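Below you'll find the structure, written out as structure tokens, and then a few comments.
2 protein chains.
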Amino acid sequence: MSFPTPGKPVRGSKSGNHLMALFDLLGRSWAMGIIWRLNEGPCTFRALQERCESISPSTLNKRLKELTTAALIQRTVEGYGLTDKGEEIFQLLHPLETWARTWAKEFNP
Amino acid sequence: MSFPTPGKPVRGSKSGNHLMALFDLLGRSWAMGIIWRLNEGPCTFRALQERCESISPSTLNKRLKELTTAALIQRTVEGYGLTDKGEEIFQLLHPLETWARTWAKEFNP
DNA sequence: AAAGTTGCTATCTTTTTTGTAGCATTGCTA
DNA sequence: TAGCAATGCTACAAAAAAGATAGCAACTTT
Chain C
1 MSFPTPGKPV
11 RGSKSGNHLM
21 ALFDLLGRSW
31 AMGIIWRLNE
41 GPCTFRALQE
51 RCESISPSTL
61 NKRLKELTTA
71 ALIQRTVEGY
81 GLTDKGEEIF
91 QLLHPLETWA
101 RTWAKEFNP
Chain B
1 MSFPTPGKPV
11 RGSKSGNHLM
21 ALFDLLGRSW
31 AMGIIWRLNE
41 GPCTFRALQE
51 RCESISPSTL
61 NKRLKELTTA
71 ALIQRTVEGY
81 GLTDKGEEIF
91 QLLHPLETWA
101 RTWAKEFNP
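The following block contains the structure:
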């Protein structure tokens, strides 16, 4: 298994540019969705699966491991949850929601 | 071929939630990388391929079509370039770079 | 002790992505 | 104007990732 790590070759940068490593991490299926849903609060594996509506356990498990390795997610007694770093990323992704709302109107005006 | 479209089922939302549609679009391999590289200025298909360091023409072509359909990218006499909407997304992604720099230090302190 | 919940793993199928070759078109340039 | 380079792809096969589904081991609750 390979986890995108800054400093090692990643998609978009053979030298492991930090931003490309992040894009590689966040650009995998469900990664951003998981972060988004976890911001509602920590929860169990199965509950998270339901929040995501249709993610398979294998994919969820893989993403959780990657995001945990990347220190965006941690496991506590409450289940899986965002770390401080994870919440920071959430905050950075947050503005996308407003943008997406406007964007959506152009498809369904 | 399927393009993630708000209002239609996408990864993370059967009802096509706009944000999940955007995550589906941006969360495909190279999507964010392409937007990032295009911000350097419009360029030809082959030049873009080189900027990306290692993307295959088939993937690049597919992403370009998706991003064009999504109105983030357009084609002009200068080649492929960001639309106004595309630049907006770039601006929203921009803060990730600073964050990623700090994050990288924790992997290679 | 039986039943339910949880966090997965195993297995198989389908979809994506990759790698590589190469073709058709355009624009030089000799 | 015949050749050559550059461009924007497409074709095709192989590898990797994601998805669907079943089910098991551990732990709790009843």
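Chains as they are written, first to last, in UniProt numbering: chain C, 1 to 109; chain B, 1 to 109. Ideal Cβ positions, reconstructed from N, Cα and C, are used throughout, including at glycine. This one's a predicted model, so the numbers in the text were calculated from it and none came from an experiment.
Check: Got a sec, what are the start and stop residues for the alpha helix (DSSP H) C:R37 sits in?; Outcome: A31 to L38
Check: Taking 9 Å as the threshold (beta carbon to beta carbon), is B:N108 in contact with chain C?; Outcome: yes
Check: Helix, strand or coil: how does DSSP classify C:R75 here?; Outcome: strand
Check: Is the Cβ of C:T83 closer than 9 Å to any Cβ of chain B?; Outcome: no
Check: Note down, in chain order, every chain B residue with its Cβ under 7 Å from the Cβ of C:C52.; Outcome: G12
Check: Helix, strand or coil: how does DSSP classify B:S13 here?; Outcome: strand
Check: Where does the unbroken alpha helix (DSSP H) through B:A100 begin, and where does it stop?; Outcome: P95 to F107
Check: With the cut-off set at 9 Å, would you say C:F3 and C:K85 are in Cβ contact?; Outcome: no
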